[in-house]
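Undergrad:
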Ligand code: ADP
Ligand code: ADP
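Residue numbers (our numbering): 49 to 285.
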């Protein structure tokens with residue numbers, strides 16, 4: 049089952065300076081992500097990786113092409129119809145993007161409040177997620193009292209709160225040291241294996257792809273220049 053499919057997708061930004069050229073961030077990209085994949089997207093800075101992720105959860109609209117998520121065409125879909133689609137997609141970030149004024153539990157509960165879940169439902173779900181990410185003893189702590197690895201575990205718990213079946217990880221370990229990176233990647237692997245969540249991992253680090261991904265697309269200047277099983281792509285001399 050294909051959960052994310054891009055066909056001939058392009059994204060062109062208007063010129064950023066007067067008289068400048070339009071920026072082709074994504075150039076005729078095809079991508080197929082199957083249910084249960086850990087799909088890596090690797091490329092240097094500016095290759096178009098973040099733009100691709102923002103197109104998949106419709107934070108950004110494509111200039112051309114077709115984007116199908118969970119069997120639904122999202123290009124051209126009105127904003128009000130995107131909400132339910134976004135509940136099925138979780139996201140984690142390089143800088144964690146936690147709310148500093150809320151506790152760990154409060155951060156994890158946030159998407160459940162937005163989704164209108166009852167107080168009792170929120171309490172149970174937060175408890176479950178705190179256990180899963182190993183932070184049961186930090187429920188009442190604030191983000192600035194946590195290490196980077198702990199913050200990202202909160203980010204993962206928050207992303208999973210509404211039980212999405214797709215998780216988008218945008219440079220999620222780039223701010224972490226190598227040991228913490230491996231802890232967070234191991235947790236993501238459990239998310240994939242225990243819950244069957246499809247994970248799309250955006251990174252500029254080869255090591256991340258080799259640790260966790262099964263498939264990879266290599267991006268350069270807005271294009272996918274190579275793709276396939278991780279083993280095949282990286283064993284080519
Ligand atoms: P990556 O995530 O691989 O570093 P990005 O998707 O952030 O790449 O950027 C791809 C290209 O699109 C870059 O040239 C970048 O400068 C440009 N770009 C990204 N966002 C915008 C924007 N909002 N307006 C104009 N250009 C943008
Ligand atoms: P904040 O002040 O940051 O919003 P709250 O203490 O109000 O944090 O908690 C936010 C949410 O987290 C509530 O839905 C609450 O039920 C839940 N929650 C708080 N503490 C725990 C805990 N120890 N275990 C499970 N859920 C908790």
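Note that the Cβ used here is the ideal one computed from N, Cα and C, for glycine as well. On a predicted model such as this, the values are computed, not experimentally measured, just so you know.
Considering Cα atoms alone, identify which of 270, 203, 251 is closest to residue 261.
TA: The residue given as residue 261 occupies position 213 in the chain shown. The shortest C-alpha separation from residue 261 is found at 251.
Undergrad: Between 88, 238, 190, 169, which lies nearest to residue 264 when the distance is taken from Cα to Cα?
TA: Looking up residue 264 in the chain shown gives position 216. That would be 88, whose Cα lies nearest to the Cα of residue 264.
Undergrad: Report the option in 166, 246, 206 whose CA atom is closest to the CA atom of residue 159.
TA: Sequence index remark: in the chain shown, residue 159 carries index 111 (1-based). If we check each option's Cα against that of residue 159, 206 comes out closest.
Undergrad: Mind checking which residues open and close the alpha helix (DSSP H) that includes residue 122?
TA: Here residue 122 refers to the residue found at position 74 of the chain shown. It is not in any alpha helix (DSSP H) - residue 122 carries neither H nor E in the DSSP assignment.
Undergrad: Got a sec, what are the start and stop residues for the alpha helix (DSSP H) residue 203 sits in?
TA: Residue mapping note: residue 203 aligns to position 155 of the chain shown, counting from 1. Start and end: 196-208.
Undergrad: I need the residues with a C-beta less than 6 Å from some heavy atom of ligand 1; please give them in chain order.
TA: Cβ atoms closer than 6 Å to ligand 1 belong to 61, 64, 71, 73, 91, 93, 94, 95, 96, 97, 98, 99.
Undergrad: Measuring only the C-alpha atoms, how far is residue 55 from residue 68?
TA: Residue mapping note: residue 55 aligns to position 7 of the chain shown, counting from 1. Residue mapping note: residue 68 aligns to position 20 of the chain shown, counting from 1. Roughly 28 Å between the two C-alpha positions.
Undergrad: What's the C-alpha gap between residue 74 and residue 99?
TA: Working through the chain shown from its first residue, we reach residue 74 at position 26. Working through the chain shown from its first residue, we reach residue 99 at position 51. Approximately 7 Å, taken between the alpha carbons.
Undergrad: Using a Cβ-Cβ cut-off of 8 Å (strictly less than) and excluding sequence neighbours within five positions of residue 188, which residues of its own chain qualify?
TA: Within the chain shown, residue 188 is the residue found at index 140, counting from 1. The residues are 151, 152, 153.
Undergrad: Could you check if residue 246 is buried or exposed, using at least 16 other CB atoms within 10 Å of its CB as the buried criterion?
TA: Position 198 of the chain shown holds residue 246. Buried: at least 16 other Cβ atoms inside 10 Å.
Undergrad: Where residue 125 and residue 110 are concerned, what is the direct C-alpha to C-alpha distance, given to the nearest angstrom?
TA: Along the chain shown, read from residue 1 onward, the residue named residue 125 stands at position 77. Along the chain shown, read from residue 1 onward, the residue named residue 110 stands at position 62. Cα to Cα, the separation comes out at about 11 Å.
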